[in-house]
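Colleague: Protein sequence lines correspond, in order, to chains A and B. For the first sequence, this note's numbering gives the first residue as 1, with consecutive numbering after it. For the second sequence, this note's numbering gives the first residue as 1001, with consecutive numbering after it. In this text, a Cβ means the ideal position worked out from N, Cα and C, and glycines have one as well.
2 protein chains.
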Amino acid sequence: MSNFGLTRLRLVKPYDVAFKEARSAVRAHYILEQAEVFESLGEALSDCTLVVGSTALGKRDLHLPLYRLEAAGQLVKEHLAAQGPAALLFGSEKFGLSNEDMSHCHWLLRIPTRPEHGSMNLGQAVAICLYELCRDADAVAQRFDPAPTAAAEDSERITGLLLDLLSRSGWVQERTSQSAELKVRRLVRRLGLPASDAEAWLGILRQILWKVKQDTGNK
Amino acid sequence: MSNFGLTRLRLVKPYDVAFKEARSAVRAHYILEQAEVFESLGEALSDCTLVVGSTALGKRDLHLPLYRLEAAGQLVKEHLAAQGPAALLFGSEKFGLSNEDMSHCHWLLRIPTRPEHGSMNLGQAVAICLYELCRDADAVAQRFDPAPTAAAEDSERITGLLLDLLSRSGWVQERTSQSAELKVRRLVRRLGLPASDAEAWLGILRQILWKVKQDTGNK
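Spelled out as structure tokens, the structure:
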């Protein structure tokens, strides 16, 4: 809840021992301290104009519309923007919401877990629902542009240094040097070398070349 | 992982005591049983063509592209469809990924938690990332149509029964009956009564009317 900026935790008849011993995450203690405790679901929901129950079941005859979380999140956000307080209602870890609990709900949501393993850990289910509420569809389009790739000038310098090195190490033969040059140039072009890394690679190759020249008497 | 149909859990140098005592959720024991344990991150990632690290930090100079989860999920799905194995890499609950861990990553993702409380519970962070991978954007459009509302005929029957009841209980006076009828008709129209509930409401009102008639000597 604290991760996603929600603060109003309401509990109905919590199991006292567990609730008193509950320890919040670092920096989230205020949520447990401010949690409101109610004797009945009706009291807990009294000021809410929308009540959405969470269920892992898809088949039971629920007499209520059942939305996947993707759609449910949108509906809840629209309600919050236009009409005010909404409650997300979660049942106990073990039993979920009872039919009586669900009779307080306007509709139900389901996290799209696979049918063979639908039931979730309560903390994870809550986290996923709150993430969906904070999820920003526009962020999908916010991709970084791929890093600009090196200009041909830099690729060509790197190609030249590599050819010099390969010639000195015997990989490039005199009679195949033309095809070797094409081969190395294509290899370098296909790297997609980021422009900002070109200097580092030039430095690396110059250093190796310096060493090779030194070892072979700077021929 | 089991909720969202992922099966390949790889662990690098897990804390032995915790790992041996780890208990899986009901019906998810096979994931822990099949978990692969590695001595180094390099070995664990060897067959992966994309490695995405998860971080709560937005500001540290990471030397890597950093995507919000909404965009990251899309990129991972595209990679899985086109290119094959991808790894989502999570650090320890306490310290997250080290700079060395991150040097194995192609890019990083960030769950859009609020800046004041960015760090998440590990299990919840994993659950949210896997939900994003399984999330179906098309499902947002899958809203149920609102239930069809009752036909005017039924609304009119209900209005008539209410007026009869209200007349017998003294709420409708002879001299104001015309305006009362308009008022009740408007109230009923504004209910947005679902067509499938019309019979139930008619039955309820007829039952009350029967009782009132009986008590007042069936006048």
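Is histidine 1079 of chain B close to chain A? Criterion is C-beta to C-beta, closer than 8 Å.
Modeller: The sequence position of residue 1079 of chain B within the second sequence is 79, counting from 1. Not one chain A Cβ lies under 8 Å of histidine 1079 of chain B.
Colleague: According to DSSP, is valine 51 of chain A part of a helix, a strand, or is it coil?
Modeller: Indexing the first sequence from 1 puts residue 51 of chain A at position 51. Of the three classes helix, strand and coil, the one that applies to valine 51 of chain A here is strand, per DSSP.
Colleague: For the region 1 to 34 of chain A, list every residue whose C-beta sits within 8 Å of some C-beta in chain B, in sequence order.
Modeller: Taking 8 Å as the Cβ-Cβ cut-off against chain B, the residues of the region 1 to 34 of chain A that qualify are Ser2, Asn3, Phe4, Gly5, Ala25, Val26, Arg27, Ala28.
Colleague: So, does the CB of glycine 123 of chain A fall closer than 8 Å to a CB anywhere in chain B?
Modeller: Taking the first residue of the first sequence as position 1, residue 123 of chain A is located at position 123. True, the Cβ-Cβ gap to chain B drops below 8 Å.
Colleague: Straight-line CA distance for leucine 1130 of chain B to glutamate 132 of chain A?
Modeller: The residue labelled residue 1130 of chain B in the question sits at position 130 within the second sequence. The residue labelled residue 132 of chain A in the question sits at position 132 within the first sequence. Answer to the nearest angstrom: the Cα atoms are 13 Å apart.
Colleague: Report the residues of the region 191 to 204 of chain A with a CB closer than 8 Å to any CB of chain B, ordered along the chain.
Modeller: So the list is empty, because no residue satisfies the distance condition.
Colleague: Give me the subset of the region 1093 to 1120 of chain B whose CB atoms are less than 9 Å from a CB atom of chain A, sorted by chain position.
Modeller: Listed in sequence order: Trp1107, Ile1111, Pro1112, Thr1113, Arg1114, Glu1116, His1117, Gly1118, Ser1119, Met1120.
Colleague: With 8 Å as the threshold, decide whether the Cβ of glutamine 83 of chain A is near any Cβ in chain B.
Modeller: As a first step, residue 83 of chain A is located in the first sequence; it is residue number 83 there, counting from the start. Answer no: the Cβ-Cβ gap between glutamine 83 of chain A and chain B never drops below 8 Å.
Colleague: When you compare only the Cα positions, how much space is there between leucine 109 of chain A and leucine 193 of chain A?
Modeller: Within the first sequence, the letter at position 109 stands for residue 109 of chain A. Within the first sequence, the letter at position 193 stands for residue 193 of chain A. Roughly 47 Å between the two C-alpha positions.
Colleague: Quick check on the DSSP output: the beta strand (DSSP E) that includes valine 126 of chain A runs from which residue to which?
Modeller: As a first step, residue 126 of chain A must be located in the first sequence, where it is residue number 126. No beta strand (DSSP E) contains valine 126 of chain A, which is instead part of the alpha helix (DSSP H) from 122 to 134.
Colleague: Out of B/Ala1150, B/Ser1169, B/Glu1043, which one is the CA nearest neighbour of alanine 1195 of chain B?
Modeller: Sequence index remark: in the second sequence, residue 1195 of chain B carries index 195 (1-based). Answer by Cα proximity: B/Ala1150.
Colleague: First and last residue of the beta strand (DSSP E) that includes valine 1184 of chain B?
Modeller: Reading the second sequence from its first residue, position 184 is the one you call residue 1184 of chain B. Note, valine 1184 of chain B: premise wrong, no beta strand (DSSP E); alpha helix (DSSP H) at 1177 to 1190.
Colleague: Where do the N-terminal and C-terminal ends of the beta strand (DSSP E) with glutamate 1036 of chain B fall, by residue?
Modeller: If you number the second sequence from 1, residue 1036 of chain B lands on position 36. 1036 to 1038 is the span of the beta strand (DSSP E), which, as asked, contains glutamate 1036 of chain B.
Colleague: For alanine 1147 of chain B, which residues of its own chain have a beta-carbon under 8 Å away from its beta-carbon, when the five flanking residues on both sides are left out?
Modeller: Taking the second sequence and counting its residues from 1, the one referred to as residue 1147 of chain B is at position 147. Taken in chain order, the residues that qualify are Pro1194, Ala1195, Ser1196.
Colleague: Where do the N-terminal and C-terminal ends of the beta strand (DSSP E) with arginine 1110 of chain B fall, by residue?
Modeller: Counted from its first residue, the second sequence places residue 1110 of chain B at position 110. Note, arginine 1110 of chain B: beta strand (DSSP E), 1107 to 1110.
Colleague: Could you please give the first and the last residue of the uninterrupted beta strand (DSSP E) stretch that includes leucine 32 of chain A?
Modeller: Mapped onto the first sequence, residue 32 of chain A falls at position 32. Unbroken run through leucine 32 of chain A is the alpha helix (DSSP H), 29 to 33; no beta strand (DSSP E).
Colleague: Does the count of Cβ pairs from the region 1201 to 1208 of chain B and the region 1153 to 1160 of chain B closer than 8 Å reach three?
Modeller: In short, these stretches touch, since the Cβ pair count reaches three.
Colleague: Roughly how many angstroms separate the alpha carbons of aspartate 1215 of chain B and leucine 1162 of chain B, rounded to a whole number?
Modeller: Locating residue 1215 of chain B in the second sequence gives position 215, counting from the first residue. Locating residue 1162 of chain B in the second sequence gives position 162, counting from the first residue. Going from the Cα of aspartate 1215 of chain B to the Cα of leucine 1162 of chain B covers about 17 Å.
Colleague: Quick one: grab the DSSP three-state call for leucine 254 of chain A.
Modeller: The structure shown does not extend to residue 254 of chain A, since chain A is modelled only from 1 to 219, so the question has no answer here.
Colleague: Kindly give me the distance between the Cβ atoms of valine 52 of chain A and alanine 86 of chain A, rounded to whole angstroms, as I take these residues to be in contact under 8 Å.
Modeller: Translated into positions along the first sequence, residue 52 of chain A becomes position 52. Translated into positions along the first sequence, residue 86 of chain A becomes position 86. Going by Cβ atoms, the distance from valine 52 of chain A to alanine 86 of chain A rounds to 7 Å, so yes, they are a contact pair.
Colleague: Quick check on valine 12 of chain A: does DSSP put it in helix, strand or coil?
Modeller: Taking the first residue of the first sequence as position 1, residue 12 of chain A is located at position 12. It is a strand residue.
Colleague: In this structure, what does DSSP give as the bridge partners for arginine 1114 of chain B?
Modeller: The residue given as residue 1114 of chain B occupies position 114 in the second sequence. The partner list for arginine 1114 of chain B (beta bridge, DSSP) is empty, contrary to what the question assumes.
Colleague: In whole angstroms, give me the CA-to-CA distance for serine 1092 of chain B and threonine 1055 of chain B.
Modeller: Position 92 of the second sequence, counting from 1, holds the residue named residue 1092 of chain B. Position 55 of the second sequence, counting from 1, holds the residue named residue 1055 of chain B. Distance between the alpha carbons of serine 1092 of chain B and threonine 1055 of chain B: 11 Å.
Colleague: Can you list, in chain order, the residues of its chain whose CB lies under 8 Å from that of phenylalanine 38 of chain A, leaving out five sequence neighbours each side?
Modeller: Here residue 38 of chain A is taken as the residue at index 38 of the first sequence, counted from 1. So the qualifying residues of the chain are Arg10, Leu11, Val12, Lys13, Ala44.
Colleague: Taking the C-alpha atoms as reference points, what is the distance between glutamate 100 of chain A and aspartate 47 of chain A?
Modeller: In the first sequence, residue 100 of chain A corresponds to position 100, counting from 1. In the first sequence, residue 47 of chain A corresponds to position 47, counting from 1. Approximately 19 Å, taken between the alpha carbons.
Colleague: So, at 6 Å on beta carbons, what are the nonlocal neighbours of leucine 1050 of chain B in its own chain, with the 5 sequence-adjacent residues on each side left out?
Modeller: Here residue 1050 of chain B is taken as the residue at index 50 of the second sequence, counted from 1. These residues qualify, in order along the chain: His1079, Ala1086, His1106.
Colleague: Are the beta-carbon atoms of leucine 57 of chain A and proline 112 of chain A separated by less than 8 Å?
Modeller: Along the first sequence, one-based indexing puts residue 57 of chain A at 57. Along the first sequence, one-based indexing puts residue 112 of chain A at 112. Cβ distance not < 8 Å, so leucine 57 of chain A and proline 112 of chain A don't count as in contact.
Colleague: Does alanine 86 of chain A have its Cβ less than 8 Å from a Cβ in chain B?
Modeller: Sequence index remark: in the first sequence, residue 86 of chain A carries index 86 (1-based). By this cut-off, alanine 86 of chain A is not an interface position.
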